[in-house]
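**Student:** In order, the protein sequence lines correspond to chains W and F.
Just so you know, we're using this note's numbering here: the first sequence kicks off at 1 and counts up by one.
Just so you know, we're using this note's numbering here: the second sequence kicks off at 196 and counts up by one.
Can you read through this structure? Questions will come right after.
Protein chains: 2
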Amino acid sequence: MTSMNGRPADGNGASPDVARDDPSPSAPRHDTVAAVVGQWQAVHPDLDTGPMEIIGRINRCAALLQQAEDAPLRRAGLSRPEFDLLGALRRTGHELTPSELTRETFSSGAAVTKRLKQLTERGLVERRGDTRDRRVAHVRLTDTGRELVDAILPEQLAYETTVLAGLDTPGQGELATLLGELLVQLEGRLGVLRV
Amino acid sequence: MTSMNGRPADGNGASPDVARDDPSPSAPRHDTVAAVVGQWQAVHPDLDTGPMEIIGRINRCAALLQQAEDAPLRRAGLSRPEFDLLGALRRTGHELTPSELTRETFSSGAAVTKRLKQLTERGLVERRGDTRDRRVAHVRLTDTGRELVDAILPEQLAYETTVLAGLDTPGQGELATLLGELLVQLEGRLGVLRV
DNA sequence: CGCAACTAATTCACGAGTAAAACACCTGCT
DNA sequence: AGCAGGTGTTTTACTCGTGAATTAGTTGCG
């Protein structure tokens, strides 16, 4: 798996905001994606802009959330990809090889190598060579690494909770379910969907 | 951008080591985020992992969609940020200055400058200086630029439609609505939410 | 054994994005 | 007029991620 992230911040998503004349200043309170979709429909009234309303919003949400989430991590001096790597080690509960880490974190081998180098220098992870196969390495959290993850995660979740607080609880449940359904489809399908 | 990442194929077991191969071939079919959340809950049963189910899925969906969407654009030799820029010019229907483009596309000024340079060299956009204020530039699509956008957009939407096809129509509507509500909150709130 | 084919991990060269500095120009105040 | 301070855009220096090559090691097979 490669790419994605990207866009760490990647990259980001669809597009936003309206320009001059927003016709309805009152209305049901549009988000920026709705404004963009409105503009497109004015220009191409014949197109079905339905997919934009989902994909555009997912991208935009991801971009905004990403930025927001950075905060608690940054205080710990970690980037999100770094935290993902540490988190993978923590949640699986055992050592992982670099190639397993590329699968767990969906990033390229080169990226994992670099991150491991940094995290090792910072004393958050350790490596040990495999005794049988000297090509493979095994990576594990150091005590400080584990403590760091365990300290950050609750903050992270608490922060995310407040970020999502604008949506009521049933709404959150529905959203999680729908996204889960979509995700199952995407994960199962996209590999096969050869353009 | 990828918040919580998932495992390719792995029961959500908390147990270290071991890989029970997907035990229930039927079942509600877990997505990778569900697996990751399951792992976390096994390690920290006390934490409320609710936010992960939303934020993790949004990030993962964004990553997968991004990659998927690349396809139609790549055929036209455009990256998504480039298309976003062209799209902003097309949908607003008039010239935009570079700073307006940074707002429309949510990217930095430096990035816009670079993209404009490339797109100008490719003959997709033109610039003209403002007559009153010689600091500002006005950017517009060339005829080829507009034709390109108009040619790509329908393909793009058609492709996105098939990508989303796994979700039934009412589900798509609900999803769009919920994401819209979330987005309104995020856009209104995040600027103010000083960590 | 010895060599081809494969796999794990790393290195390399490069492209793209960013923040901050630089630059160019405008505006308001005295 | 003249200049302090503000704004629009570009440049600079850097980081980070990627794909492709590279290194190192293993395995299968004649």
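Backbone N, C-alpha and C fix where the C-beta goes; we use that ideal spot for every residue, glycine too.
Do we get a CB-CB distance below 8 Å when we pair PRO246(F) with the residues of chain W?
**Tutor:** Closer than 8 Å: yes.
**Student:** Return yes when the Cβ of THR102(W) is within less than 8 Å of the Cβ of GLY196(W), no when it is not.
**Tutor:** Here chain W has residues from 1 to 195 only, and residue 196(W) is not among them.
**Student:** Taking just the CA atoms, how far does ASP31(W) sit from GLU376(F)?
**Tutor:** 8 Å
**Student:** Using a C-beta cutoff of 8 Å, does ARG140(W) count as contacting chain F?
**Tutor:** no
**Student:** Taking three-plus beta-carbon pairs below 8 Å as touching, is the segment 151–163 of chain W in contact with the segment 67–74 of chain W?
**Tutor:** yes
**Student:** Within the continuous alpha helix (DSSP H) that includes ALA305(F), where are the two ends?
**Tutor:** 304–316
**Student:** When DSSP builds the beta bridges, which residues end up paired with GLU321(F)?
**Tutor:** ARG335(F)
**Student:** Using a Cβ-Cβ cut-off of 8 Å, state whether LEU273(F) counts as contacting chain W.
**Tutor:** Chain W contact via Cβ: absent.
**Student:** Terminal residues of the continuous alpha helix (DSSP H) containing ILE287(F)?
**Tutor:** The residue you asked about is not Ile; residue 287(F) is Thr in the sequence shown. Where THR287(F) is concerned, the enclosing alpha helix (DSSP H) stretches over 275–287.
**Student:** If I'm right that ARG248(F) touches VAL232(F) with Cβ under 8 Å, what's the distance once you round it to whole angstroms?
**Tutor:** Reading off the sequence, residue 248(F) comes out as Glu, not Arg. Right, the Cβ-Cβ distance comes to about 6 Å (below 8 Å), so this counts as a contact.
**Student:** Taking DSSP as the reference, what is the three-state secondary structure of LEU96(W)?
**Tutor:** strand
**Student:** Select from the segment 142–165 of chain W all residues with a C-beta closer than 9 Å to any C-beta belonging to chain F, and list them in chain order.
**Tutor:** ASP150, LEU153, PRO154, GLN156, LEU157, ALA158, TYR159, GLU160, THR161, THR162, VAL163, LEU164, ALA165
**Student:** Residues of chain F with a CB under 8 Å from the CB of VAL43(W): which are they?
**Tutor:** Taking a Cβ-Cβ threshold of 8 Å, the residues of chain F close to VAL43(W) are ARG285, ARG286, GLY288, in chain order.
**Student:** Give the range of the alpha helix (DSSP H) segment to which GLY50(W) is assigned.
**Tutor:** 50–75
**Student:** Quick check: the Cα distance between GLU355(F) and ILE55(W), rounded to an integer number of angstroms?
**Tutor:** Put simply, the backbone Cα of GLU355(F) is about 8 Å away from that of ILE55(W).
**Student:** Between which two residues does the alpha helix (DSSP H) harbouring THR204(W) extend?
**Tutor:** The shown model of chain W, from 1 to 195, leaves out residue 204(W), and the question about it has no answer.
**Student:** Does DSSP put GLY361(F) in a helix, in a strand, or in coil?
**Tutor:** coil
**Student:** To the nearest angstrom, how far is it from the Cα of ARG115(W) to the Cα of ASP48(W)?
**Tutor:** 43 Å
**Student:** With a CB to CB cut of under 7 Å and the five nearest residues on each side skipped, what residues in its chain are close to ARG140(W)?
**Tutor:** LEU89, GLU95, VAL125, GLU126
**Student:** On a CA-only basis, which of GLU295(F), GLY245(F), VAL344(F), LEU373(F) is nearest PHE278(F)? Give me that one, please.
**Tutor:** VAL344(F)
**Student:** Take the Cβ of ARG135(W) as the centre, count every other Cβ of all protein chains shown within 10 Å, and call the residue buried at 16 or more, exposed below.
**Tutor:** The residue is exposed, with fewer than 16 neighbouring Cβ atoms inside 10 Å.
**Student:** Please state whether the Cβ-Cβ distance between THR97(W) and ALA137(W) is less than 8 Å.
**Tutor:** yes
**Student:** When burial is assigned at 16 or more other CB atoms within 10 Å of the CB, is PRO45(W) buried or exposed?
**Tutor:** exposed
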